[in-house]
Amino acid sequence: MTVETQAILFKSKHFLFAIEVENIVEITRIINFEPVSSHGGCAQGYFYYRQETLPVVDVCRYFNFNHGPFLIENLIAVVSGPENKKAGLLLDEVLDIVNPSEYPRVTSYQIAPKYCRYAIELDKNKIPVLNISNIYLELVQNLSSSRQNAS
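Number 2 in the UniProt record's numbering belongs to position 2 of the sequence shown; there are no gaps in the numbering.
See below:
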């Protein structure tokens with residue numbers, strides 16, 4: 001018996017994304033968030049989560065979509081990347097839990113393929129299913145480069 005992968009469908013700004021459930025540790029409200037504007041890349045700042053300091057990402061930046069300031073109403077999805085390292089993704093709203101296999105795959109979706117495992121079509125919307133590993137690895141590289149340049 002195979003277990004189908006489920007994904008959480010969410011909205012960030014006016015855009016729809018999905019994250020496979022296996023990558024999500026928890027979804028919580030923004031608490032103890034420290035914005036940092038000096039980092040390159042997509043880091044929005046740091047989030048203090050269960051005695052850990054996690055980098056926080058605005059996924060809209062990865063896809064070169066319009067992005068704006070975070071709001072106190074935003075949610076943060078704590079996600080697990082390579083080697084169980086964690087980061088936070090800014091979300092506006094969790095919409096649903098879906099089984100991606102029940103929706104048509106979009107083969108022509110070419111926006112930032114490095115950060116998108118695949119895309120599904122839902123109600124005529126093309127929804128990228130995020131590749132958390134690649135997003136996390138690039139985030140760590142950007143933060144390391146920023147720290148070295150600041151030294």
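Note that beta-carbon positions come from the ideal geometry of N, C-alpha and C, so glycine has one too.
Next item on the list: From the DSSP output, in three-state form, read off K11 for me.
Entry: strand
Checklist line | Separation of G88 from R29, as counted between CA atoms | finding: 11 angstroms
Notebook entry, point to check: Roughly how many angstroms separate the alpha carbons of D123 and E34, rounded to a whole number?
Noted result: If I take the Cα positions, the gap works out to 36 angstroms.
Check: How about P82 and Y136: are their beta carbons less than 9 angstroms apart?
Finding: yes
Notebook entry, point to check: Excluding five sequence neighbours on each side, which residues of the same chain lie with their C-beta closer than 8 angstroms to the C-beta of T5?
Noted result: E20, V21, E22, N99, P100, S101
Next item on the list: Taking 9 angstroms as the cut-off, decide whether the C-beta atoms of E121 and R105 are in contact.
Entry: In terms of Cβ geometry, E121 and R105 form a close pair [threshold 9 angstroms].
Next item on the list: With a 10 Å radius around its C-beta and 16 neighbouring C-beta atoms as the bar for buried, classify N32 as buried or exposed.
Entry: exposed
Checklist line | 7 angstroms Cβ shell around Y103 - same chain, five flanking residues per side excluded | finding: I120, E121, L122
Next item on the list: Would you give the residue range spanned by the alpha helix (DSSP H) that Y62 belongs to?
Entry: Element bounds for Y62: 59-62.
Notebook entry, point to check: Are the CB atoms of A18 and L91 nearer to each other than 9 angstroms?
Noted result: Contact flag unset, no.
Checklist line | Span separating the alpha-carbon of S12 from that of C60 | finding: 7 angstroms
Margin query: Less than 7 angstroms between C-beta atoms, sequence neighbours within five positions excluded: which residues of the same chain meet that for residue 186?
Written below: Outside the modelled stretch of the chain, which goes from 1 to 151, sits residue 186, for which no answer is possible.
Check: For N84, which option in Y115, E52, A112, D58 has the closest C-alpha, if you only look at C-alpha atoms?
Finding: E52
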